[in-house]
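Positions 0 to 316 (numbering that gives the first Met the number 0) are the ones given, in order, by the sequence shown. Beta carbons are placed, not taken as given, at the ideal position from N, Cα and C, and that holds for glycine. Values in this document were obtained by computation on a predicted structure and should not be read as measured data.
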Amino acid sequence: MERILIIGAAGQLGSELTHALASQYGGENIIATDINPKALEKFDYCKTAVLDIMDHDATRQLVKRENVKQIYHLAAVLSATGEKNPLFAWGLNMDSLLFILELAKEEKLDKIYWPSSIAVFGPNTPKANTPQYCVKEPNTVYGISKQAGERWCEYYFQKFGVDVRSLRYPGLIGYKSLPGGGTTDYAVDIYHKALAGDDFVSFLREDSYLPMMYMPDAIKATLDLMHAPKEQVKIRSSYNLSAISFSPKEIYESIKIHHPDFRISYEPDFRQAIADSWPDSIDDTRAREDWGWKHEYDLKKMTEDILSNLPAYLVNF
């Protein structure tokens, strides 16, 4: 069977997506790669390789040697981290994508998956039920790189027939990896603080609504899109994707039901301005119509699941 390469497998999304792919295709057909050798220790169920995506020769050799036909390119510098070193973030995010698209064209790879984000939107984007097509004026290097990346993805599909597929993820929440430097990662960290018996200091205001999604839904959406027949994938820039929207106060209240002594305070920092530039909620009608997307988790169900399962994973962090 043709092999699937995951670049940046040790990140929040990659950790769970790699496991889901191995379950479907068999671990012997999945190659999990990351720049951090120690991070690869958790992938004992599939093939692994240390890989710096900026090393184009090494990446190309790996693809040829392993007969890779699908690539999930997940390596990126996220929003808050990117603002601390914008030129590095732009270089990694954009150069790596362009290289993968060129590689897909040259090697005639079957499919490419590249994640986009709600960071492509900006302060002049409609905030409520943000439509698939609207003004996008991102004001972070992460958002700018994602907006440019969407255009390159569509370009390579139209000009060269590269079967590249993408989703504009909202904030992703999971319990199987630590926060990765994104503005929405407060919604991951807050569960860790609650279970540790610590107070939580939110870097966003209590009323800052953002589109969010529980990781099982994100994995489901990704696999549904990648399994969809080519003719059903009608948007080649990136699909809007939505599940739930909530504020720091609301997620805190959902946790407090289970941990009555849990406390929160609010100290907004530079990430507040990033959050203010993003939508409150997303219209993902096209994903639901084109390839049947449907989410499963609301805030209550997500909180119950995380608080039930996270303790078993804390010992591994």
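1) Going by DSSP in three states, residue 62 sits in which element: helix, strand or coil?
2) May I ask which residues mark the beginning and end of the alpha helix (DSSP H) holding residue 251?
3) Please go through the same chain and pick out, in chain order, the residues whose beta-carbon is closer than 6 Å to the beta-carbon of residue 294, but skip the five residues on each side of it.
4) Which first and last residues belong to the beta strand (DSSP E) in which residue 72 is found?
5) Would you report the Cα separation of residue 33 and residue 202, rounded to the nearest angstrom?
6) Can you tell me which residues form a DSSP beta bridge with residue 239?
7) Tell me whether residue 169 is buried or exposed, calling it buried when 16 or more other Cβ atoms sit within 10 Å of its Cβ.
8) Hey, is the region 79 to 93 in contact with the region 9 to 27, meaning 3+ C-beta pairs nearer than 8 Å?
9) What separation, rounded to the nearest whole angstrom, lies between the Cα atoms of residue 269 and residue 4?
10) Residue 211 to residue 311, Cα distance in whole Å?
11) Does the pairing of the region 251 to 260 with the region 217 to 235 give three or more beta-carbon distances under 8 Å?
12) Between the alpha carbons of residue 183 and residue 176, how many angstroms are there, rounded?
Concretely, from the data shown:
1) DSSP places residue 62 within a helical segment (H, G or I) once states are collapsed to three.
2) Residue 251 -> alpha helix (DSSP H) spans 247 to 255.
3) For residue 294, the CB contacts under 6 Å within the same chain, skipping 5 residues up- and downstream, are 216, 242 in chain order.
4) Counting along the chain, the beta strand (DSSP E) containing residue 72 begins and ends at 67 to 72.
5) Residue 33 and residue 202 have their alpha carbons spaced roughly 29 Å apart.
6) Beta-bridge partners assigned by DSSP to residue 239: 167.
7) Buried, since its Cβ has 16 or more Cβ neighbours within 10 Å.
8) With contact defined as three or more Cβ pairs closer than 8 Å, the region 79 to 93 and the region 9 to 27 are not in contact.
9) C-alpha separation (whole angstroms): 35 Å.
10) Distance between the alpha carbons of residue 211 and residue 311: 24 Å.
11) Counting C-beta pairs with one atom in each stretch, the region 251 to 260 and the region 217 to 235 have fewer than three that are closer than 8 Å, which means they do not touch.
12) So the two alpha carbons sit approximately 14 Å from each other.
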